[in-house]
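Under full-length UniProt numbering, residues 1 to 206 are what the sequence shown spells out, in order. We treat Cβ as the ideally placed atom computed from N, Cα and C, and that holds for glycine. In this text the structure is predicted, and so the values were computed from the model without any measurement. Here the structure is laid out as structure tokens; the discussion comes afterwards.
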Amino acid sequence: MAARSKITLYVDTVSPFAYEAYWIFRHDPTFSRCNIEYVPVFLGGIMKDVGNNPPINIKNKDKWIDRERLNWASVFNIPMSSKTPVGFPHMTLRIQRALGVLPLLFPEENEAQGVLCQCLDRVYEMYWVEGKNITGPGVLEEVLKDVIGEEKKELVLKEVAGKGKEAVVKNNERAILEGAFGLPVSLSLFSGLLIVEVGDYGKWEK
Numbered sequence: 001m002a003a004r005s006k007i008t009l010y011v012d013t014v015s016p017f018a019y020e021a022y023w024i025f026r027h028d029p030t031f032s033r034c035n036i037e038y039v040p041v042f043l044g045g046i047m048k049d050v051g052n053n054p055p056i057n058i059k060n061k062d063k064w065i066d067r068e069r070l071n072w073a074s075v076f077n078i079p080m081s082s083k084t085p086v087g088f089p090h091m092t093l094r095i096q097r098a099l100g101v102l103p104l105l106f107p108e109e110n111e112a113q114g115v116l117c118q119c120l121d122r123v124y125e126m127y128w129v130e131g132k133n134i135t136g137p138g139v140l141e142e143v144l145k146d147v148i149g150e151e152k153k154e155l156v157l158k159e160v161a162g163k164g165k166e167a168v169v170k171n172n173e174r175a176i177l178e179g180a181f182g183l184p185v186s187l188s189l190f191s192g193l194l195i196v197e198v199g200d201y202g203k204w205e206k
């Protein structure tokens, strides 16, 4: 039997294009035959470390990326609000650190990825479909409680500033080492061939 192809996708809940890549990997049957690893990172930290300017700070590019996110959503039938969340972009560092804690509570890789995806599914839906402020009071707590229960939720929140911070720093370093300068970034291993794809808010390069 041929080895299953492996894909690594770096995600930050603030990025519409990371959401779109995530949604495609989760729902397109083409990727059901792949082992996919989702890795939470902090996009702002990556861009700062590599000297990249946030797209919304570049004249005209903010309008371009808004059109592009809707174009991609239309092409791939991805649920996406026509309006960006009020106050976008929000500081998602705390959310990303919380997501980074999950593998420590669920050391079995498949279980950890399953729990992570449940959290990402809900947070992405709240932000990019419902337009809610995911950084608002109690929002992260509600998602964690619904997915992993009250006891583990408290464990995650306790480790956000410590092990969560360490996890995101390490994930950011890994992403940059592998070529990231924005999101989405995916690494694909097909039949021994490594392909790195980097998207800087809608522009894909190979």
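query                                                                                                                      : result
Glu-111 in three-state terms, based on DSSP                                                                                : helix
Three-state class that DSSP yields for Ser-81 in the structure shown                                                       : coil
Contact the stretch 92 to 109 vs the stretch 30 to 44: 3+ CB pairs below 8 angstroms                                       : yes
For Asp-62, the nearest candidate out of Pro-16, Ala-21, Asp-28 (CA to CA)                                                 : Pro-16
Short Cβ contact (7 angstroms threshold) for Gly-164 with Val-101                                                          : yes
Where Thr-8 falls: helix, strand or coil (DSSP)                                                                            : strand
Pick from Glu-159, Tyr-22, Gln-118 that is closest to Glu-142, judged by C-alpha positions                                 : Gln-118
At least three beta-carbon pairs within less than 8 angstroms, the stretch 149 to 160 to the stretch 26 to 39              : no
Candidates Phe-31, Gly-51, Lys-6, Tyr-19: closest to Ile-176 by CA position                                                : Gly-51
Exposure of Glu-109, with buried meaning 16 or more beta-carbon neighbours within 10 Å                                     : exposed
Alpha-carbon spacing of Ser-32 relative to Tyr-19, whole angstroms                                                         : 18 angstroms
Other residues of its chain near Val-129: CB distance less than 8 angstroms, five sequence neighbours each side excluded   : Pro-79, Met-80, Ser-81
7 angstroms Cβ cutoff met for Asn-53 and Lys-6                                                                             : no
Under 7 angstroms between C-beta atoms of Pro-40 and Val-14                                                                : no
Whole-angstrom distance between Gly-136 and Tyr-127, CA atom to CA atom                                                    : 11 angstroms
Sequence-distant residues of the same chain with beta carbon closer than 6 angstroms to Ile-58, five excluded per side     : none
7 angstroms Cβ cutoff met for Val-139 and Ala-98                                                                           : no
Under the three-state DSSP convention, the category Pro-40 falls into                                                      : strand
Spatial neighbours of Lys-132 in its chain, beta-carbon cut-off 8 angstroms, leaving aside the 5 residues before and after : Pro-85, Met-126, Val-139
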